[in-house]
Amino acid sequence: MTEILLKAEKLKKVFTAGKKSFAAVDEVSFELKRGQCLGIVGESGSGKSTVARLITGLLPCTEGKVLFYPSSEGTESGCIDISQAGIRQLKQAYRHMQMVFQMPAESFDPRRTLGDGIGESLRNMGIKGTELKTKVDNLLELCGLTPEFASRYPHQVSGGQCQRAAIARALALDPELLICDEATSALDVTVQKQIMELLIKLRQKNGLSVIFICHDLALVQMFCDRVIVMKQGKIVETGTPEEIIWSPREEYTRNLIESVL
Ligand SMILES: Nc1ncnc2c1ncn2[C@@H]1O[C@H](COP(=O)(O)OP(=O)(O)OP(=O)(O)O)[C@@H](O)[C@H]1O
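Mapping of the sequence shown onto the UniProt record's numbering: position 208 corresponds to residue 208, and the numbering continues sequentially without gaps.
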């Protein structure tokens, strides 16, 4: 089994708006090792979310490759080429990689209970009845919510509780990789801290690998093993959080750090 869980090779994404086209992501390459947490930082519009959407196959790459190596996958090569994957392979990949977004309420169907949403992928796997209920209750508990939350609708919980439920849903199939795109940004500082503690616990307990997109360099420092700094679609700097925060090579990174101090 390779030590690498995900490899992004020379990713490029060109968007076209009217007659104009521009590269929102260009020449982006990185590797994520198993169990590692990789932070992606950069000013607004630098291409962080586009990278997240490329590596999850939510957006097709204009150029480049995304190679995913889930350890439990039954493919012959052990690799799923996300950039070339069709629906069937993407579904296979989503059993091992999941995303958590900034606005949790928007990612749940307002007409269905949280328990329904959390259990969806389990039901798709044929799990039902008492087994399903027990699994949903356990996921809620793992994420610091009581089983009673299963019967609530998204509008009946706070932003922090909804984000916990979104993490519970993402964890339903015990993924190896969680991609958090500004997952704590809409929450107040106290709730943010609780969600970070939950993610730290999950990393320790489940050996989860995480790609953590965040504006807050203090959170990145606390949580990540390595950090990528993005500017105008390109990676301008890579290093450990300490290297990036305490001895940034690029003026852009220094400005980014100063802007949050
Ligand atoms: N579907 C799209 N069509 C056209 N342009 C897009 C599209 N999605 C994103 N963009 C543009 O691509 C650039 C990168 O956007 P992206 O959302 O990846 O940035 P970001 O670093 O995640 O920003 P933020 O921190 O504000 O979320 C921006 O200029 C954005 O306007």
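Just so you know, even glycine gets a beta-carbon here, dropped at the ideal spot from N, CA and C.
Status (buried if at least 16 other CB within 10 Å, exposed otherwise) for residue i
i, result
"T146", "exposed"
"D181", "buried"
"Q156", "exposed"
"F22", "exposed"
"I125", "It should be pointed out that residue 125 corresponds to Met in this sequence rather than to Ile. Burial call: exposed."
"A218", "exposed"
"A166", "buried"
"S83", "buried"
Distance CB(residue i)-CB(residue j) smaller than 8 Å
i, j, result
"L11", "C79", "no"
"T56", "M99", "yes"
"M97", "I179", "yes"
"E237", "S71", "no"
"L256", "V227", "no"
"G64", "E9", "yes"
"F149", "C37", "no"
"S121", "L173", "yes"
"S151", "G119", "no"
"G160", "V136", "no"
"A183", "L142", "no"
"L59", "K13", "yes"
"G144", "L202", "no"
"G42", "C214", "no"
"P154", "F108", "yes"
Assigned secondary structure, residue i (DSSP; H/G/I helix, E/B strand, else coil)
i, result
"F149", "helix"
"M97", "strand"
"S121", "helix"
"E182", "coil"
"V28", "strand"
"R34", "coil"
"R226", "strand"
"D116", "helix"
"A17", "strand"
"A85", "coil"
C-alpha gap between residue i and residue j, whole angstroms
i, j, result
"E27", "K48", "13 Å"
"F68", "V210", "13 Å"
"V189", "L139", "24 Å"
"S46", "K128", "43 Å"
Pull every residue with its beta-carbon under 6 Å away from any heavy atom of ligand 1, and keep them in chain order.
F15, A17, A24, G42, S44, G45, S46, G47, K48, S49, T50
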